[in-house]
Structures are given as structure tokens and as C-alpha cells.
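For the sequence shown, the numbering used here begins at 67 and goes up steadily by one.
Input: a single structure, listed below in C-alpha cells.
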Amino acid sequence: MANLDLMKSVRAKASQRKKTIVLPESHDERVLKAAEILVKENIAKVITLGNNDKIFEDAKILGIDLQGVRLIDYVKSDLMSDFTNIFYNLRKHKGLTIEQAKEILQRDLFFGAMLVRERHADGFVAGSFASTGDVLRAAIQCVGMPEGISIVSSFFLMIFPDQTYSFADCAVVPNPDASQLADIAISTADNYKKLTGEEPYVAMLSFSTKGSAEHELVDKVLEATKIAKAKRPDLNIDGELQFDAAIIESIGKKKAPGSTVAGRGNVMVFPDLQAGNIGYKIAQRLGKAEAVGPVVQGLKKPLFDLSRGCSVEDIVNTSAIAVLMAE
Ligand SMILES: CC(C)(COP(=O)(O)OP(=O)(O)OC[C@H]1O[C@@H](n2cnc3c(N)ncnc32)[C@H](O)[C@@H]1OP(=O)(O)O)[C@@H](O)C(=O)NCCC(=O)NCCS
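Written out as C-alpha cells, the structure reads:
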């Protein structure tokens, strides 16, 4: 696919699905603008949270039409008492009291995540205002992970004119162990296929290719490769590979002869968050890739985080991805 058209295609596919996305942070004007676009372009049904009078007033001042957007004044909502009890039961084994549960549900992020958990919505996109940590804690505590997944992580779609890659994990897990790194690779591969329709070739990245260097940091990547291959023999996964060997055919052939991935990698798995976060920003800022994400993965449902510097377009695109990833 011509990759600059990828998000167009994601938005078009989303509009076939009639899913509902919660955008909790109505106090952010970018969120209100995104809500208007999502509904107008039929990409998703939208719920936003907050005081209705205030939202309408803000929208009027900003010239935003909220027709078709569902507003929930969550503090006064009939759902509040049920959600508080459900959340208390989920977390009481951690020592949470009912009073603490009540206080936590007063936060838009937690109420929004509970709307998804309780099937009032199919996905949630937040973080234009809240920090990544706060968004993830609401997602992990309210929705959690499905059986068999050990870690919530994230990926970026890195869109270049002639190729789209996934980079992971660039935003969530600071220092995954080998088994967590394997899960990050598997989740990213599955989601790459879901979003691009293309076969994933997963490169487990390192500063070494096939034994060119020896170090405990390389051992972790090798171990993760072994675990991921054993868990998912159906996937093309190989490592350890340097970035150039992973993506450039001639170098891949020389440094990793016989590898099914070297030279054709499209899912790039970084060994830790320092490498991943630095790597995606270099590709974005110097390589001029369009970076879509971070797309959070490993939760039972799509609850996605935004960068606080996000644009309206980022919120719309992330919501469209949430629609495609919803059941
Ligand atoms: C995910 C994150 C919010 C967890 O932070 P935390 O609350 O301090 O984590 P803790 O280690 O205290 O764990 C709290 C709970 O979350 C769980 N948890 C933490 N990270 C998790 C993950 N990645 N996946 C699944 N569960 C996780 C823990 O198991 C623990 O569960 P419990 O309360 O049921 O026992 C944290 O890793 C984070 O902020 N990551 C983002 C890093 C960042 O700032 N990125 C910005 C760059 S773009």
C-alpha cells in the first residue's frame, strides 16, 4: 500500500465498524475538535466526559459543533455507584477501601476506562492532558490484560513514503526482561498485521548481529528471540540483529546469511525503552517518518495513550486505530 495512504485506509475501515470511543478529556479543545471530526466523518461514535454546560460553552466559543457527540456528566452519572463498587471489588485485595474507590472514580480517566470495561464503549483515547503513567494506570487497573499476556506495552507505526514499520516498545516498559520482550514482539507482530494487512517480519534489535559481539545485554535479546519463536512458531522472528542488518538486504545477507528476517524487517523490537524512545524520535525527526502512536497493546480492550504534544489529527487517527482494534 502507498503508505501515506495508510491512515486514510484505517479511517475508511473504521467507518464501517460503528464503534464507540470515549475521549474523557473534554476540557482540552483538541479533544472537542477531534470529537467533532470523528462523528462528522463517521469514524466512530464518541462519548466525552465532563460538565455538560461547560462543554457546550467551550464548544460554542471554539466554534465546534458537538451534534452527535454523547456527553456524560460523569460525576452525577447513574453509573457512578455501580462503577465504584466494581472497581472496589477489583482492587480490594490490594488494600483499596471503598472511600478510596469513590475518590478514584471521580477522575475522568478512571470513569472512562470503566465505561469500556463495562461495555458502554469499545475503546478509549486519552493523554492529551494526562501523563502516560496516569492513563496506563487507569487502563491496567480497570481493564487489565487477557489470559496469556504478561505485559502492557506499546508500538508506533512509523510511516515512510515507501514502507511502514512498527517500532516497539517506545513508550511504556522501561526495562523488559527476556520473557516480557518476547511478549512485546508477539503483540507488535499481531497488531502490525491487523493494521497494515502485511506479513510481519520481526527483528529483535541489538548492537550485535548473530554473535558479532558478546555481552549480557545481547544475551537478553537472544533469550527473548528464543522465547518468542517457541511461543509463536508461525511468526517470522529473528535476532539478534543490528538495525542495518534488519532492514537492508545486502547487509542482512552479509551479516546474517540464511535469516528469514534480515533485510526485510518491518517490526522493529528494541531491547529497552531508552533505545526504543530514542530510536523512534530519530526516525521521526531526522528520517521524517510520520509517527502514529504510541498505540498501547496487551490490554483486553483498546485503551490508548496520546502524547501531550498531540494534534487534533493525532487524536482522530489514534481513535480510528482503536476502532479497528476493538472486538
Ligand atoms: C505502566 C506504568 C504507569 C506503571 O507504573 P507504576 O504504577 O509505577 O508501576 P508499579 O511498578 O508500581 O506497578 C503498579 C501495578 O501496575 C502493574 N504494571 C506496571 N507496569 C505494567 C505493565 N507494563 N503491564 C502490565 N502491568 C503493569 C504492576 O504489576 C502493578 O500491579 P498491581 O497493582 O496489580 O500489583 C509505568 O511503567 C509508566 O509510567 N510507564 C510509562 C513510561 C513513560 O513515562 N513513558 C513516557 C515516554 S513516551
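Don't be surprised by glycine CBs; every beta carbon is placed ideally from N, CA and C.
Going by DSSP, residue 149 is part of the alpha helix (DSSP H) stretching over 145-157. For the options 119, 240, 201, 184, the alpha carbon positioned closest to that of residue 174 is the one of 201. In this structure, residue 97 and residue 114 form a Cβ contact; the two beta carbons are roughly 7 Å apart against a cut-off of 8 Å. Excluding the 5 residues flanking it on each side, residue 357 has same chain C-beta neighbours closer than 7 Å at 222, 224, 346, 350, in chain order.
Of the candidates 159, 138, 126, 171, 171 places its Cα closest to the Cα of residue 147.
Rounded to whole angstroms, residue 231 and residue 160 show a C-alpha spacing of 39 Å.
For residue 177, the three-state secondary structure derived from DSSP is helix.
Going by C-alpha positions, residue 270 is about 33 Å away from residue 378. Residue 355 carries a coil assignment under DSSP once its states are collapsed to helix, strand and coil. At a cut-off of 7 Å, the beta-carbon of residue 237 counts as near ligand 1: some heavy atom of the ligand is closer than that. Taking residue 290 as reference, the option from 335, 247, 310, 338 with the minimal CA-CA separation is 247. The beta carbon of residue 160 sits closer than 7 Å to at least one heavy atom of ligand 1. Distances from the alpha-carbon of residue 104 to those of 284, 227, 332, 130 put 130 closest.
For ligand 1, a non-hydrogen atom lies closer than 7 Å to the CB of residue 218. At a cut-off of 7 Å, the beta-carbon of residue 198 counts as near ligand 1: some heavy atom of the ligand is closer than that.
Shown here for residue 132: same chain residues with a beta carbon closer than 6 Å to its own, the five before and five after excluded, namely 125 in chain order.
If one requires a minimum length of 3 residues, the beta strand (DSSP E) runs lying completely within the region 286-360 are 302-307, 333-335, in chain order. Residue 364 and residue 279 have their C-alpha atoms roughly 32 Å apart. Per DSSP, residue 246 lies in no beta strand (DSSP E); the unbroken alpha helix (DSSP H) holding it starts and ends at 244-262. With contacts defined by Cβ atoms closer than 8 Å, residue 386 and residue 136 do not form a contacting pair. Leaving aside the five residues that flank residue 226 on each side, the residues in its chain whose CB is nearer than 6 Å to its CB run, in chain order, 355. Within 7 Å of the C-beta of residue 152 there is not a single heavy atom belonging to ligand 1. Per DSSP, residue 122 is one residue of the alpha helix (DSSP H) stretching across 118-128. Look at residue 373 here: in three-state DSSP terms it is coil, with no helix or strand label. Counting the other Cβ atoms within 10 Å of the Cβ of residue 301 gives 16 or more, which makes it buried. Between residue 208 and the set 110, 321, 178, the nearest pair of CA atoms involves 178. By the Cβ test, the region 138-156 is in contact with the region 177-191, since at least three Cβ pairs between them sit closer than 8 Å.
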